[in-house]
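The opening position of the first sequence corresponds to residue 66 in the numbering used here, with each subsequent residue numbered one higher. Even glycine gets a Cβ: it sits at the ideal position worked out from N, Cα and C. Since the model is a prediction, treat every value here as computed from it, not as a measurement.
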Amino acid sequence: MIKIASWNVNSLRVRLPHLLDWLTNTAPDIVALQEIKMTDAKFPLAEIQAAGYQALFSGQKTYNGVALLSRGRVGSDVVTDWPMLEDPQRRVLGATYDGLRVLNLYVPNGSSIGSDKYQYKLNWLTHLQDYVRESLKHYSHLIVLGDFNIAPEDRDVYDPAAWDGKILVSPPERAALQQLLSLGLSDTFRQFEQAPESFSWWDYRGSSFRRNHGVRIDFILASTALSRYCADSTIDLAPRRLERPSDHAPVVATFHL
DNA sequence: ATGGCAGGCTATGCCTGA
Numbered sequence: 066m067i068k069i070a071s072w073n074v075n076s077l078r079v080r081l082p083h084l085l086d087w088l089t090n091t092a093p094d095i096v097a098l099q100e101i102k103m104t105d106a107k108f109p110l111a112e113i114q115a116a117g118y119q120a121l122f123s124g125q126k127t128y129n130g131v132a133l134l135s136r137g138r139v140g141s142d143v144v145t146d147w148p149m150l151e152d153p154q155r156r157v158l159g160a161t162y163d164g165l166r167v168l169n170l171y172v173p174n175g176s177s178i179g180s181d182k183y184q185y186k187l188n189w190l191t192h193l194q195d196y197v198r199e200s201l202k203h204y205s206h207l208i209v210l211g212d213f214n215i216a217p218e219d220r221d222v223y224d225p226a227a228w229d230g231k232i233l234v235s236p237p238e239r240a241a242l243q244q245l246l247s248l249g250l251s252d253t254f255r256q257f258e259q260a261p262e263s264f265s266w267w268d269y270r271g272s273s274f275r276r277n278h279g280v281r282i283d284f285i286l287a288s289t290a291l292s293r294y295c296a297d298s299t300i301d302l303a304p305r306r307l308e309r310p311s312d313h314a315p316v317v318a319t320f321h322l
């Protein structure tokens, strides 16, 4: 059995105590982190290792930054960029763990529809599709997980009417996500019965979490062959209830491998 | 229509996030 998780921590410096507690309580085998917001030189490797995890990381100052934690072996065949996109933003981290290929993503937010950042997001998603298409040729067991910054359907948004015309839900973004899935990936969360209004991100403002005014934008996607072994896929709300939380909750999937 | 909250920075307000 392997337990794999994704969590946008919104600053690993601030959230390190939450992460270490969560690792102890949850005991995942592999964890994908996003928005660590630090250079590689500042990565808290000693604390992570003391908790029993190896780490790969691709960081930058102030923004973005991704990491992969694993119990036991460190990942191999590490990738930190799309082959055809020159990009200083650290949003990609791929590695292989005993034949399991893992691709950790921090998809661009896109700011607002029609902005330069929106175009960057859509272009980035095209490169993601190309890369996943190639990866699926080489790996039957592929997991693509992270903060996708896209709410796939209206049921993934607390108030679809209020979000209409906004970032995260625009038709081109949703189409890009569907095209990605159609390459042969399964949204493991939707393989199982879930409570209505299940979300993974809530705005810090306006008591959004207390009112459950959220969106579901963090996913664990599994290749078709692998998805058949998925036994569970959940969102862990506990860390979002803590003092000074990340605005994202971790998502966790278990595979019988 | 607007701002609201949080993090990082060389800052004492601004940018970004979603």
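Taking all protein chains shown into account, do 16 or more other C-beta atoms lie within 10 angstroms of the C-beta of residue i, making it buried, or fewer, making it exposed?
i, result
"L98", "buried"
"N277", "exposed"
"L193", "buried"
"T127", "exposed"
"V167", "buried"
"M66", "exposed"
"T89", "exposed"
"R138", "exposed"
"D163", "exposed"
"S71", "buried"
"D221", "buried"
"K102", "buried"
"R305", "buried"
"G140", "buried"
"V79", "exposed"
"H203", "exposed"
Name the two residues that bound the continuous alpha helix (DSSP H) containing residue i.
i, result
"W72", "No alpha helix (DSSP H) holds W72; the beta strand (DSSP E) holding it covers 67 to 73."
"A111", "110 to 115"
"D195", "181 to 203"
"N90", "77 to 91"
Start and end of the beta strand (DSSP E) containing residue i?
i, result
"L286", "283 to 288"
"L250", "250 to 252"
"R293", "That residue, R293, is in no beta strand (DSSP E); it is neither H nor E in DSSP."
"R166", "165 to 171"
"I208", "207 to 212"
"A318", "316 to 320"
"L98", "95 to 99"
Using alpha carbons as the reference points, say which of the options lies closest to residue i.
i, options, result
"S251", "L133, W266, L201", "L201"
"V316", "D301, L307, R293", "D301"
"V280", "L246, Q243, D229, V139", "D229"
"W189", "R156, E199, S180", "R156"
"D142", "P261, T161, Y196, L187", "T161"
"A132", "T104, V197, G271, E262", "T104"
"Y223", "F274, A303, L85, A296", "F274"
"I282", "F213, A314, K231, P304", "F213"
"A92", "K102, I69, E258", "I69"
"V96", "L121, A115, K102", "L121"
"D297", "L322, A303, R309, P310", "L322"
"Y32", "Q114, K186, L207", "The question about residue 32 has no answer, for the chain in this structure spans 66 to 322."
"I232", "Q114, R136, D181, N75", "D181"
"T319", "P310, P148, S292", "S292"
- If we count Cβ pairs, one from each stretch, closer than 8 Å, do we get three or more for the segment 167 to 184 versus the segment 227 to 242? Judged by Cβ distances under 8 Å, the segment 167 to 184 makes contact with the segment 227 to 242, as three or more pairs qualify.
- Item | At least three beta-carbon pairs within less than 8 Å, the segment 149 to 158 to the segment 106 to 114 | No: fewer than three Cβ pairs fall under 8 Å.
- Counting Cβ pairs, one atom from each stretch, are 3 or more of them under 8 Å apart for the segment 285 to 294 and the segment 244 to 262? Yes, the segment 285 to 294 is in contact with the segment 244 to 262.
- Task: Enumerate, from N- to C-terminal direction, the unbroken beta strand (DSSP E) stretches of 3 or more residues contained entirely within the segment 221 to 272.
- Result: DSSP runs (the beta strand (DSSP E)) wholly in the segment 221 to 272: 250 to 252.
- Task: Could I get the ranges of all uninterrupted beta strand (DSSP E) runs contained in the segment 104 to 156, with 3 residues as the minimum, in chain order?
- Result: Counting whole runs of 3 or more residues, the segment 104 to 156 contains the beta strand (DSSP E) stretches 118 to 123, 131 to 136, 141 to 144.
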